[in-house]
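Okay, structure first, notes after.
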Amino acid sequence: MMRVLCIGLLLLLTACGGSSGSDRQAPIPEPPPAPITNQLTPTVTQDNLELFAPVQAWVGESVGLSIKSADSDPISSIQWQQISGPEVTIQAAHTQTIGFDIQSPGDYQFTVIAITTSGTERSLSYGFSAQETSSRLVSIRLDHNVSEFGNVSLRVDIPDALQASDIVWQQDAGPDATNWRTQEGDDSVLFFVAPAVDEDQVIQVSVTVTAQDDTTYSDTALISVHNADIDWSGYFPAADIGDRVVTEDMLVAMPGDPHQNALIDCLYSNRLTSSCRFSTLPLIGQRGYLPSVEDIMQRTIVSHPWMAERFEAFLQQSEAGDDIRQLLSATTGVVIAYDIRPAFYWSATGAIYLDPQYLWGTAQERDTLSFLPDPRADNGRDLQFGIFWRYVKNGEYFFGGRDYPVSERAERPFSNIEASLAFLLYHELAHANDFIPPSKWASLNDNDSPLSTTNNDAALSEGFSQRFPLGSQEMKALAQVSFFGETATEQQKAFTSVDIEQFFVPDLAPTYYSYSTIYEDFATLFERFMMAYRFDAYADVGIISIVDNPDVLVTWGQRGRFNDVRLQPRVRDVVSRIIPSLDVRSIQQQLQQPRLLDSNKSWWDNLNLDSEGYALPEEVRNVSLRDEMRGLPTHIHRGHQ
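Quick note: to get the numbering used here, add 3 to the position in the sequence shown (first position is 1).
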């Protein structure tokens, strides 16, 4: 069995085969290129390079510059540089399209150096002027490069004072993109799939915003579509997870590892067709010592340099840093890319894949991210209940994106990045250490691979589930509805929150998600313990009726359930196998005892259990329960033969 672990999305791989790749399907023909309704005209052609760019810019808008080869020799590497003018922030200077904000008037000059596949160096220079304007500008964020068949998301930022009454998106030029749609309930966010191309192309997308006084405002964005090198029977393209052609704009975060040339090919490539042997890319833990921050960064690849900077800062500064370095020994590397959503651990590669939503610190960094919707949003809509969770510390949310609305373009402090990333890493690295635990690292054979190892050896969680099984068959069946999209039976549709309380409370699961698979039960117990131990942050679990419950009253809820005396043996078993050096029993006695939430209060008013008059901010009260579930992601596992 091939095991795949992920966060937030059903990751079901259908054509990965065994570690040798010998049972893969026959190659799938590449789809034909998309028709071009209207060819985009380059602004400048110079040294066999075509540049697409504005001739005039305005202070306050987002600007894009895009380059492509003017002949049959495509670009293989590229570097942008600003030569003069007020400084702008270029987040992806190694890609064919860059986007940035204009914050000051002046003359802006840029140069780009491109190396083609034949090794020819080409260069082009371009400049434009930016002026102040009294108009209310709308800005599309963000112009960028994408692989053909890749998912694209764009967002138009609209000043609150504009009071938009209508938002219309359209493609102006370039090969026809597919699957156009806006976010449910929010037309300011657009999604589409990049077209098939037989050479690099540029498409232009525009938006028109109509204000309530019928005044219109518009903006355009450039998306360059890369003619990707794809094996359609490869691990990523053949994955049944929705157009998973990955970006080819990856960088090694820090040079120095002797295996660095294998990182991209083995971990994030559209041509990956077999699990790389440990002789090609060993586990970090096979070095035989606790890896340093530099060791980890040398095994990290990113789509944008800022992602590496944020991850390195976390490893250096976080209270969890030493734990995470030790846990990362069970992986072959770390992949952080804008098109990873959600995060996951994958035994096919032995790597963890991080969604950079957990890492951004500035508005400009956030602009580079994908806003793709959560495909689980409709799961369980026929059910009458929800089981929600959050991390709480000192009566406040320990982390949450709701504190940083996109429209405010605020910076996010390290403390918030640390909190959300620590939770994510503890969970995903529990999976990595479940499948390839520390006891195996020294004895791994160079001819083996992560996939063959996990296929041939039982995971720790498999023995754990036999020693400490969960009992409620009703909860296990409901978890398949809520987390994997199974159709609810009539009986399941009839269950009330009171029924769920009777199933859940007497059992031994720390949260609803533990019922999805034995692997998630194992990882969640570890994550909950470590977050309390290192950060004094405790998870709430709340059973809530979502029918005729306008005040969002809690039917039943508990804080710190993982430390219930009935669950403590399960926690000790998990944690002691992943980090044997911890005296888990002693630590459990020092942690807070579980506390029940007040069933006479709403989910929101149960945030601070020690205050009768706690005033939750109105913007938090107005978050729907379904938004709360999406904001705090869950973890999903699916395996395949």
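In this text, a Cβ means the ideal position worked out from N, Cα and C, and glycines have one as well.
Alpha helix (DSSP H) segment containing residue i, residue limits
i	result
ALA433	417-438
VAL479	With the sequence shown as reference, residue 479 is identified as Lys, and Val is not the correct amino acid for it. Note, LYS479: alpha helix (DSSP H), 476-487.
PRO453	453-459
ARG280	Taken as a continuous stretch (DSSP letters only), ARG280 belongs to no alpha helix (DSSP H), as it is neither H nor E.
VAL192	Run containing VAL192: none in the alpha helix (DSSP H); it sits in the beta strand (DSSP E), 189-196.
PHE529	521-538
ARG470	463-470
ASP298	296-300
LEU612	First-last for LEU612: undefined, no H or E at that position.
VAL501	500-507
Beta-carbon proximity of residue i to residue j, cut-off 9 Å
i	j	result
PHE651	MET534	Residue 651 lies beyond the range of the chain shown here (4 to 644); nothing can be said about it.
ILE3	PRO178	An answer regarding residue 3 cannot be provided, because it is not within the stretch 4 to 644 covered by the chain.
SER209	ASP222	yes
PHE281	LEU386	no
ARG144	LEU165	no
PHE471	LEU511	yes
ARG531	ARG564	yes
PHE195	THR181	yes
TYR541	ARG575	no
PRO89	GLN106	yes
PHE507	VAL577	no
ARG580	PRO440	yes
SER227	VAL249	no
ALA224	ALA133	no
SER137	ASP160	no
SER65	GLY122	no
ILE287	LEU331	yes
GLY130	ASP146	no
SER602	VAL557	yes
TRP607	VAL544	no
TYR536	LEU594	yes
Span of the beta strand (DSSP E) around residue i
i	result
ILE547	541-548
GLU680	Here the chain covers residues 4 to 644 and nothing more, so residue 680 does not appear.
PRO178	167-178
TYR394	388-396
ALA60	59-61
GLU53	52-55
Residue i classed as buried or exposed, judged by whether at least 16 other C-beta atoms fall within 10 angstroms
i	result
THR100	buried
HIS638	For HIS638, the predicted model reports a pLDDT of 33, less than 50, meaning its position is unreliable and no value from the coordinates is stated.
VAL192	buried
PRO620	Unreliable placement is indicated for PRO620, whose pLDDT of 47 sits below 50; no coordinate value is reported for it.
GLU322	exposed
HIS229	buried
PHE417	exposed
TYR292	exposed
LEU610	buried
PRO513	buried
ALA461	exposed
PRO34	exposed
THR44	exposed
ALA37	buried
GLN94	buried
SER25	Because the pLDDT of SER25 is 33, which lies under 50, any placement of that residue in the model is unreliable, and the number read from its coordinates should be weighed accordingly. SER25 is exposed by the Cβ-count criterion.
ILE445	Reading off the sequence, residue 445 comes out as Ala, not Ile. The residue is exposed, with fewer than 16 neighbouring Cβ atoms inside 10 Å.
ILE86	exposed
THR520	buried
ARG641	Here ARG641 scores only 30 on pLDDT, less than 50, and its place in the model is too uncertain to base an answer on.
LEU599	exposed
ALA497	exposed
SER295	exposed
ARG290	exposed
GLN28	Low local confidence applies: a pLDDT of 46 at GLN28 is under 50, so the model's placement there is unreliable, with the coordinate-based value given in what follows. It counts as exposed.
SER614	exposed
PRO285	buried
LEU463	buried
Next on the checklist: Below 8 Å, how does it come out for the stretch 78-88 and the stretch 106-126: are there three or more Cβ pairs, yes or no?
Outcome noted: yes
Checklist entry - With a cut-off of 8 Å, do at least 3 Cβ pairs link the stretch 391-407 to the stretch 336-351? => result no
Next on the checklist: Pairs of beta-carbons, one from the stretch 449-469 and one from the stretch 478-493, closer than 8 Å: are there three or more?
Outcome noted: no
Item to check | Contiguous beta strand (DSSP E) assignments of at least 3 residues, all confined to the stretch 305-383 | outcome: 336-339, 347-349 and 354-357
Checklist entry - Hey, which unbroken runs of the beta strand (DSSP E) at 3 residues or more fall wholly within the stretch 554-608? => result 557-562
Item to check | Completely contained beta strand (DSSP E) runs for the stretch 83-157, where each covers 3 or more residues | outcome: Runs of the beta strand (DSSP E) inside the stretch 83-157: 100-104, 109-119, 124-134, 142-144 and 147-150.
Next on the checklist: Measuring CB atoms only, is the stretch 166-176 touching the stretch 354-367, in the sense that at least three cross pairs come out at less than 8 Å?
Outcome noted: At 8 Å Cβ cutoff, the stretches do not touch.
Checklist entry - Are the stretch 308-319 and the stretch 263-275 in contact at 8 Å, needing three or more beta carbon pairs? => result no
Checklist entry - Counting pairs of beta carbons, one from the stretch 401-410 and one from the stretch 295-308, are three or more of them closer than 8 Å? => result These segments do not touch.
Next on the checklist: Does the contact criterion of 3 or more C-beta pairs under 8 Å hold for the stretch 48-58 versus the stretch 66-77?
Outcome noted: yes
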